[in-house]
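Asker: Residue numbers (the working numbering), protein chains in the order written: chain C, 1 to 229; chain F, 1001 to 1229; chain X, 2001 to 2229; chain E, 3001 to 3229. Here a beta-carbon is modelled for each residue, glycine too, at the ideal position from N, C-alpha and C. Provided herewith is a single structure, encoded as structure tokens, for subsequent inquiry.
4 protein chains.
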Amino acid sequence: MSFKTTAAVEEMKVKVCNLHAELLRWGLVTWTSGNVSGRVPGTDLIVIKPSGVSYDDLKPELMVVTDLEGKILDGELAPSSDAESHNVVYQRMPEVGGVVHTHSPYATAWAARAEPIPCVITAMADEFGGEIPLGPFARIGSDAIGKGIVETLQGHRSPAVIMQNHGVFTIGKDPKAAVKAAVMAEDVARTVHISRQLGEPVPIPQADIDKLYDRYQNVYGQQPSPKEQ
Amino acid sequence: MSFKTTAAVEEMKVKVCNLHAELLRWGLVTWTSGNVSGRVPGTDLIVIKPSGVSYDDLKPELMVVTDLEGKILDGELAPSSDAESHNVVYQRMPEVGGVVHTHSPYATAWAARAEPIPCVITAMADEFGGEIPLGPFARIGSDAIGKGIVETLQGHRSPAVIMQNHGVFTIGKDPKAAVKAAVMAEDVARTVHISRQLGEPVPIPQADIDKLYDRYQNVYGQQPSPKEQ
Amino acid sequence: MSFKTTAAVEEMKVKVCNLHAELLRWGLVTWTSGNVSGRVPGTDLIVIKPSGVSYDDLKPELMVVTDLEGKILDGELAPSSDAESHNVVYQRMPEVGGVVHTHSPYATAWAARAEPIPCVITAMADEFGGEIPLGPFARIGSDAIGKGIVETLQGHRSPAVIMQNHGVFTIGKDPKAAVKAAVMAEDVARTVHISRQLGEPVPIPQADIDKLYDRYQNVYGQQPSPKEQ
Amino acid sequence: MSFKTTAAVEEMKVKVCNLHAELLRWGLVTWTSGNVSGRVPGTDLIVIKPSGVSYDDLKPELMVVTDLEGKILDGELAPSSDAESHNVVYQRMPEVGGVVHTHSPYATAWAARAEPIPCVITAMADEFGGEIPLGPFARIGSDAIGKGIVETLQGHRSPAVIMQNHGVFTIGKDPKAAVKAAVMAEDVARTVHISRQLGEPVPIPQADIDKLYDRYQNVYGQQPSPKEQ
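Structure below.
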């Protein structure tokens, strides 16, 4: 193969590989059931988990590099069977630098009932700017899942979508941001589920949701600086 | 004892022993409540956990080797009290190379209500090809449990059965596949339980289940190669 | 103080100390909320956790030795505030060699509703020989809790009792057996809870419970041998 | 900056930093969603977690020192975005030496329904002296949250308040006591939730709550001594 790797590609392999440990740590995945990918900044190169490999056995050099159509450019293993869905997102949402897919239990439980997750806690307003929306039922093996993700998330504040009867997809400016969205999506899916088990949670007024979202996106955390990772 | 061990037997002791760590890791077992066995390929030799030994204390040399009737051929300890049930499966299902038994909490909760687990998430369609079926109530101490497992699983796509008021048995081509089925059975038992707590999950049409199952069994993961373990 | 320790006392300090790690590992305790004690075999000496000490900081030499009336014989710290309840059990049940107390969440949830845990899974029949019974509401600071435990467990198969609005006490021939009973009590409390969330579990006929209990108590595990710990 | 640190300030940085590990260990926080602060004894100096920094990356030297108005005196990072709420508590409750904020799932689930957590287990009577009260809905970005905390907790036995649609704030004589309150608040929020899922828990009579609270606050644990940390 004529692919020539670069420092940026190798760096992305390390990041994508290591972020899978966060999926395990926060209880989002079972066996080999979730995957992370990242776009090498400024390129059309995607780095993604190989298919069916245990999280314990992941190493940066096992990551698969493809183009936006899924053609394997680097790597000896087949990419995640969800690669096509990731690629459709990268093709149609050029601002996206990372995609995560999981079947995390609480978020998937909402998806199996085809219910969006309502925004009844301030942490949801902060991170998702409102409900976590529901995408359509779609089978793997075509661009249907990817299209469903894009059509649901375009024009929506939420970086997470729950796909009916399936699981969660999240996007971010880079793979770490997409992982954070996946972690927080499961966290709020769980809290709202638990709350609703014993009655109806109190809605947060839309005006408050708007102000919380605006503040969190623009003020929270450390301001970017040369020190930031 | 006149039993002569072989490299294949010793290898299977290591595999069976180590796979118990996966039962612990994924929350399937408590104290000493689950067990793994494997058939030494091409033989009628079964390797199984000793009875009542803590997972912390398991070592390959403590594994028990029996024939298909449960006669101890190698090992100083008594085999798992579930050995008879494992053996009936190996006798009647020659294609089975691994058996796992657990009381994992969500799957056992369905079993206590005598309800099969409905197929409402795509991960279930992939792994189980439909619902996880219910086997009969049967007491330990005869071949009744083994027969119930075999009669439920023969002609069924699912490698997992929940036995009424009891727990889960899974089968696979080798012990690792049976462990994977046990891990995924608990994972989907939990997600479907959580989903149904707040309403009725949306069924997946049978035609979609069939296509998902076919694809996952034939396309997913890395294709077998000399590298595969 | 004129107390002279013995090898048996020091051995019991190590056992009691280390068994607290099992309470943590199986999710039975939070902060400092559970305790283990043991009777030094053939004596009226009780070894128990000191009060309010973090599990991380426990060391065998911090264990407290008392007589059956709770008089401190050895140790610089105050014994667990539950010591009086343990002691009443040791006084009135000479066959008991270990006592455990926890507020494990699922078992305590049944206790807060003042409901015994029904026997609907075979693992309960094995370990508890039927339901886990409910003891009375009693306040700490007298022998009322201890009396409630003894009156509930005497003549009952179960080594575990849930005390109304409070938590779990378990007994055993030694501290390890009492810890096992506490771990299994929470395990079955959880599974039966989950099962009942979506409907009514199927009861196990009494005759089957009796046979399962008899078999488990008399056949399960390795037969005692010099090797057994 | 003209701030001169002291041994007491540096010691508080170590304590505040390390206590975040307890939030993780007991499952109270996800990603970066909780924070601990402490008042340097005898001063108006507050030590608090920096904003948006992963728990893995926390080191004592990253802690931020502010005055009671939130002016940064020491530290290169921005303080937690919840610092203003902490500060209002320190200003108005001079007896408070530690404050903790989390979105722990069970407690936050009660908060999303705007329901105080009823006192139906003795551990709650011990720690909280009754129910865990509900504070008002308030948006971050002013002193509204801090005021809501103070107005709810002043004159109340409970060191924990659940803020509507938001999460938990706890106070203590020092940061460790506030962390203990946060850990126990989630523990009892979970047990009471689980109990109520299958029916109505039995209330504890007020006179018993009073006696349990009095005993626990005055008798439990080791009496203060030079050895106590």
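1) Per DSSP, which one or two residues make a beta bridge with residue 2101 (chain X)?
2) Quick check on DSSP: helix, strand or coil for residue 1122 (chain F)?
3) Which of the three DSSP states is assigned to residue 12 (chain C) in this structure?
4) At a Cβ threshold of 8 Å, is residue 1105 (chain F) touching chain X?
5) Spatial neighbours of residue 2126 (chain X) within its chain, please: C-beta separation below 6 Å, excluding the five flanking residues on both sides.
6) On a Cα-Cα basis, can you pick out the residue from E:3018, E:3133, E:3209, E:3173 that is closest to residue 3061 (chain E)?
7) Measuring CB atoms only, is the segment 194-212 of chain C touching the segment 1011-1031 of chain F, in the sense that at least three cross pairs come out at less than 8 Å?
8) To the nearest whole angstrom, what separates the beta carbons of residue 90 (chain C) and residue 39 (chain C), a pair I think is in contact under 8 Å?
9) Kindly indicate which residue of C:201, C:193, C:202, C:146 has the alpha-carbon position closest to the one of residue 1199 (chain F).
10) Quick check on DSSP: helix, strand or coil for residue 44 (chain C)?
11) Note down, in chain order, all residues in the segment 23-40 of chain C with a beta-carbon under 8 Å from any beta-carbon belonging to chain D.
12) Mind checking the segment 3104-3135 of chain E against chain C and listing, in chain order, the residues whose C-beta falls within less than 7 Å of any C-beta there?
13) Leaving out five residues before and five after residue 143 (chain C) in sequence, what residues of the same chain have Cβ atoms less than 6 Å from its Cβ?
14) With H, G and I counted as helix, E and B as strand and the rest as coil, what does DSSP make of residue 1959 (chain X)?
15) Give the DSSP-derived three-state secondary structure of residue 1006 (chain F) in the structure shown.
16) In three-state DSSP terms, what is residue 108 (chain C)?
17) Given 8 Å as the limit, is there contact between the segment 3044-3051 of chain E and the segment 3071-3089 of chain E, that is, 3 or more CB pairs closer than that?
18) When we look at the beta-carbon of residue 83 (chain C) and count the other beta-carbons within 10 Å, is it buried (16 or more) or exposed?
19) With distance defined between alpha-carbon atoms, name the residue in X:2011, X:2159, X:2024 nearest to residue 2105 (chain X).
20) I'd like to know if residue 75 (chain C) contacts chain F, where contact means its C-beta is closer than 8 Å to some C-beta of that chain.
21) Using a C-beta to C-beta distance shorter than 7 Å, which residues of chain F count as neighbours of residue 2201 (chain X)?
22) So, with DSSP's three-state summary, where would you put residue 1134 (chain F)?
23) Any Cβ of chain E within less than 8 Å of the Cβ of residue 168 (chain C)?
24) Using a Cβ cut-off of 7 Å, pull out every chain F residue sitting near residue 2195 (chain X), in sequence order please.
25) Assuming residue 2166 (chain X) and residue 3121 (chain E) make a contact with CB atoms under 8 Å, what is their CB distance in whole Å?
26) If we require 3 or more residues per run, which beta strand (DSSP E) segments fall completely within the segment 2065-2090 of chain X?
27) For residue 3071 (chain E), count the other beta carbons within 10 Å of its own beta carbon; 16 or more makes it buried, fewer makes it exposed. Which is it?
28) What does residue 1140 (chain F) reach in chain X if we use C-beta pairs closer than 8 Å?
29) Where residue 14 (chain C) and residue 3059 (chain E) are concerned, what is the direct C-alpha to C-alpha distance, given to the nearest angstrom?
30) Do you know whose CA, among F:1041, F:1063, F:1010, lies nearest residue 1035 (chain F)'s CA?
31) Taking Cβ positions, are residue 3195 (chain E) and residue 2109 (chain X) nearer each other than 8 Å?
32) Identify, in the order they occur along the chain, each residue of the same chain with its Cβ nearer than 7 Å to the Cβ of residue 1114 (chain F), setting aside the five sequence neighbours on each side.
33) What does DSSP give as the partner residues of residue 2194 (chain X) in its beta bridges?
34) Alpha carbon to alpha carbon, how far is residue 2148 (chain X) from residue 32 (chain C)?
35) Measuring CA to CA, which of X:2029, X:2093, X:2183 is closest to residue 2054 (chain X)?
Answerer: Taking the structure as given:
1) X:2035, X:2169
2) helix
3) helix
4) yes
5) 2212, 2216
6) E:3018
7) no
8) 6 Å
9) C:193
10) coil
11) Note that chain D does not occur in the displayed structure, where the protein chains are C, F, X and E.
12) 3105, 3106, 3108, 3109, 3112, 3113, 3114
13) 88
14) This structure gives no information on residue 1959 (chain X), because the portion of chain X shown stretches from 2001 to 2229.
15) coil
16) helix
17) yes
18) buried
19) X:2024
20) no
21) 1112, 1113
22) strand
23) no
24) 1109, 1112, 1113
25) 7 Å
26) 2072-2074
27) exposed
28) 2122, 2212, 2215
29) 24 Å
30) F:1063
31) yes
32) 1134, 1164
33) None; residue 2194 (chain X) has no bridge partner.
34) 49 Å
35) X:2029
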